[in-house]
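Below: the structure, in structure tokens.
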Amino acid sequence: MTEPDAPEEPVEPVLSIRAPVHLEYRYTAGQASSRFLRGLEQGRILGQRCPQCLKVYTPPRGACASCGVATDEEVEVSGHGTVTTFCVVNVPFYGQKIKIPYVSATILLDGADIGLMHLIQEVDADKVYMGMRVEPVWVEPEERKPTLESIRYFRPTGEPDAPFDTYREYV
Amino acid sequence: MRDVAVVAFAQSPIVRREEFRNEVEILLPVVHDAIAASGVGRKEIGFTISGSCDYLAGAPFSFVSGLDAVGAWPPIRESHVEMDGAWALYEAWVRLQHGDLDSALVYAFGKSSLGPLVDILVLQLDPYYVAPLWPDSISIAALQARAWLEKGHKESELAEVVARSRRNAQSNPNAQLSGDADPEALLAEPYFTSPLRRHDCPPISDGAAAVVLATGELARRVCERPAWIRGIDHRIEPHGLGVRDLTRSVSTADAGRRAGVGEKPVDVAELHAPFSHQELIVAEALGLDGTTDINPSGGALAGNVVMAAGLTRIGEAASRIMDGRAGRAVAHATSGPALQQNLVCVLEGTDG
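The listed protein sequences derive, respectively, from chains A and B.
First residue of the first sequence? That's 1 in this note's numbering, and the numbers climb one at a time after it.
First residue of the second sequence? That's 1001 in this note's numbering, and the numbers climb one at a time after it.
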């Protein structure tokens, strides 16, 4: 028996335990995303138009986040678009597939009302700018899958720059 | 206290697996139905709150996309609980007590079909001493059922609960499991996790539910017979399973007392009891007797949308007030392992 007032001997603290957790999920993309992804497989970029505010979402998510209504009308956009903002990636990280520095950009596709994130290539990173007109470079048709990687990257078209007013709402 | 009432309820069909629709696509028509039924304009809703769980979707901040079903522009007053939507309703009720807002939209959704639900629920257990042993949610419930049976109860009582649930669910168009089950036949089935048989356990379910709340004058204006919330309370017991008496639900009893369950007769009770023995434990804790119609919807045994099943109990109880089938109803929701946390809501059709 230990006396009630006896000082306790400190024990070496336990700093960690190992408790591995492994859970597998089966993701449901949903109808809107599935249509978009199946479109990419066919070399098409699909969006949906909100029946209230008429904005076109690419990728679509089945609902207009502003109006809270279903976006049932499907629209196809061309793929040509405008760089609204971008960043130059200089940080190496595990699993990186592209040689740094490279450009990750938000691209406002013609006919869409929300920017799409993708890579800008075939141009030096320091030559990319806001308002630059770009187009998609697709992988070979037989290699296309339901993923945005079916678009290898976007590249400059050489068209005249888009005036700032045409995309100022989307920056 | 301000008078607050349920003025609308909507839910999706409860199904084993929503193969094609994601959470937002399930939720969108449910939220629209609830708002349309409420008579409160979407832009007039004062407060919006949801209940869901990222562990079900396997994705962080998955609840944010739920707002696509609501339309959060111009910016709205919004909140979320990582709990069953019944607790979201509680927060909405508290928010309406502030006095500056008159209505609230409460919604909940979940797809239990996406991952291994009985293992996902292990992650709510003590992370050091219990969770590493991976006691799945059915085993935890079986421990509770065993302790309850050892007190002198019979397995035939469980079969009676299941048979009534299946029978009642026949008149619930959204139920996942329904039928004319014979208690004797149920008892002849093999154990799943002893002493529980498969039918003593809830089905795996996907779905969504939504409720609209309104205060005094607004509720009277938009709803012919609002389901007035006359009492609402929730209580929690310790996390450690070993320090609780699993055969009783002390927290349900406490919450029920504070909500005023026993003050007048109860016509209808919708109890969120995912396992058959839990319905009997909860009914006893609330002091319900044979005069109360228990789980006329079939309850969670007929469809258990994790994160929405508790809110659905409130909605089902309120529906029976609103359409005049009941004068006074009790709704119950549970959360955590083996009935750890419980919410009780008393609804009445009588105004004033």
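Ideal placement from N, C-alpha and C gives every residue a C-beta, glycine not left out.
Should residue i be flagged as near chain A, meaning a C-beta pair shorter than 7 Å?
i               : result
residue 1114(B) : yes
residue 1030(B) : no
residue 1346(B) : no
residue 1082(B) : no
residue 1222(B) : no
residue 1025(B) : yes
With DSSP run on the structure shown, which of helix, strand or coil describes residue i?
i               : result
residue 1125(B) : coil
residue 156(A)  : strand
residue 93(A)   : coil
residue 166(A)  : helix
residue 42(A)   : coil
residue 1015(B) : strand
residue 1342(B) : strand
residue 136(A)  : strand
residue 1235(B) : strand
residue 1322(B) : helix
residue 1199(B) : helix
residue 1275(B) : coil
residue 1293(B) : strand
residue 76(A)   : strand
residue 1087(B) : helix
residue 1010(B) : strand
residue 1047(B) : strand
residue 129(A)  : coil
residue 1076(B) : coil
residue 1097(B) : helix
residue 1332(B) : strand
In chain C, which residues lie less than 8 Å from residue i when you measure between Cβ atoms?
i             : result
residue 17(A) : The displayed structure is made up of protein chains A and B, and chain C is not among them.
Run down chain A in chain order and give the residues with a C-beta less than 7 Å from the C-beta of residue i.
i               : result
residue 1020(B) : 31
List the residues of chain A whose Cβ lies closer than 8 Å to the Cβ of residue i, in chain order.
i               : result
residue 1069(B) : 63 and 68
residue 1045(B) : Simply none; closest approach about 10 Å.
residue 1120(B) : 23
residue 1042(B) : 68
Using the beta-carbon of each residue, which ones in chain A are nearer than 9 Å to residue i?
i               : result
residue 984(B)  : Outside the shown range of chain B, which is 1001 to 1352, sits residue 984(B), and nothing can be said about it.
residue 1054(B) : None at all; the shortest Cβ gap to chain A is about 11 Å.
residue 1123(B) : 21 and 23
Mind pulling the chain B residues with CB within less than 9 Å of residue i?
i              : result
residue 184(A) : Past the edges of chain A, shown from 1 to 171, lies residue 184(A), and the structure says nothing about it.
residue 171(A) : Under the 9 Å cutoff, chain B gives no residues; its nearest Cβ is about 18 Å from residue 171(A).
residue 56(A)  : Going along chain B, no residue has its Cβ under 9 Å from residue 56(A), so there is no contact; the nearest lies around 15 Å.
Using beta carbons (cut-off 7 Å, strictly below), is residue i in contact with chain B?
i              : result
residue 147(A) : no
residue 28(A)  : yes
Under 7 Å, do residue i and residue j count as touching if we go by C-beta distance?
i               : j               : result
residue 1344(B) : residue 1332(B) : yes
residue 151(A)  : residue 136(A)  : yes
residue 1042(B) : residue 1035(B) : yes
residue 115(A)  : residue 170(A)  : yes
residue 91(A)   : residue 45(A)   : no
residue 75(A)   : residue 38(A)   : no
residue 1081(B) : residue 1088(B) : yes
residue 1183(B) : residue 1214(B) : no
residue 1227(B) : residue 1120(B) : no
residue 1304(B) : residue 1202(B) : yes
Find the residues of chain B that neighbour residue i, judging by a C-beta separation of less than 7 Å, and give them in chain order.
i             : result
residue 88(A) : What residue 88(A) touches in chain B: nothing, since even the nearest Cβ is about 27 Å away.
> What are the residues of the region 59-71 of chain A that lie near chain B, defined by any Cβ-Cβ distance shorter than 8 Å?
Replying inline: Residues of the region 59-71 of chain A with a Cβ closer than 8 Å to any Cβ of chain B, in chain order: 61, 62, 63, 64, 65, 66, 67, 68, 69 and 70.
> Residues in the region 1078-1110 of chain B with C-beta within 9 Å of chain A's C-beta atoms, listed in sequence order?
Replying inline: Residues of the region 1078-1110 of chain B whose Cβ lies closer than 9 Å to any Cβ of chain A: none.
>> So if I threshold CB-CB distances at 9 Å, which residues from the region 1221-1249 of chain B count as touching chain A?
In response: When CB distances to chain A are screened at a threshold of 9 Å, not a single residue of the region 1221-1249 of chain B falls below it.
> Along the region 120-132 of chain A, what residues have a CB closer than 8 Å to any CB found in chain B?
Replying inline: Answer in chain order: no residues at all.
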